[in-house]
């Protein structure tokens, strides 16, 4: 009987210790879930990580949009190259503005795609600058072509209409390229902004 009484306090202490540990563990789990903190962290940088996660999503969406715009620019460039090849086959004098615009556009697309894939901000900035120069050269060429068409007087009616159709198609192509360029600049600027690392709250 004395042995039973001597063991009883120790058993009670063990049970109390276990209950305290269980309560403590439960309180820790409740505090972790109640504060919305991810497991394994103290939650002090939670808002910062939420900003980073949001930027990752925006960067991915921006890259996807830029990829479509670059593809559209590539199609416009291909049509321009075909038109340039047609002029060469007819032994017409080459428009230096068109040639320069085509070459710059091709280089800009390569730089833009590299910048998009590898998240290179400098490449994306260079891509914006080069593609803008290319579209400005195309606009200048289209304006000059329209002015030259008005000057020509000694062509037959059919030849004049054919030239008018070609020039109109060229102007529409340039106008389409300009619209795509505007969307491209907006998308690229937004992408560069989201690529920049966010500042930690002090």
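In this note's numbering, the protein residues as written are 21 to 222.
We put the beta carbon where it would ideally sit given N, CA and C, even for glycine.
What you are looking at is a predicted structure, and each value in this text was computed from that prediction instead of being measured.
- Along the length of the region 83 to 142, whole alpha helix (DSSP H) runs at least 4 residues long occupy 116 to 138, reported in chain order.
- With the rule of 3 Cβ pairs closer than 8 angstroms, the region 197 to 216 counts as touching the region 87 to 95.
- CA-to-CA, the gap between residue 138 and residue 150 works out to about 19 angstroms.
- Annotated three-state conformation of residue 74 is helix, per DSSP.
- Put simply, of 75, 130, 39 and 43 the residue whose alpha carbon is nearest the alpha carbon of residue 211 is 75.
- For residue 140, the CB contacts under 8 angstroms within the same chain, skipping 5 residues up- and downstream, are 134 in chain order.
- The residue among 44, 100 and 43 with its C-alpha nearest the C-alpha of residue 193 is 100.
- Here the alpha carbon of residue 209 sits roughly 18 angstroms from the alpha carbon of residue 154.
- DSSP, reduced to helix, strand and coil, places residue 216 outside both helices and strands of the structure shown, so it counts as coil.
- Residue 144 and residue 44 have their C-alpha atoms some 53 angstroms from each other.
- The beta carbon of residue 117 sits closer than 6 angstroms to the beta carbons of 157, 160 and 161 from its chain, once the five residues preceding and following it are set aside; these are given in chain order.
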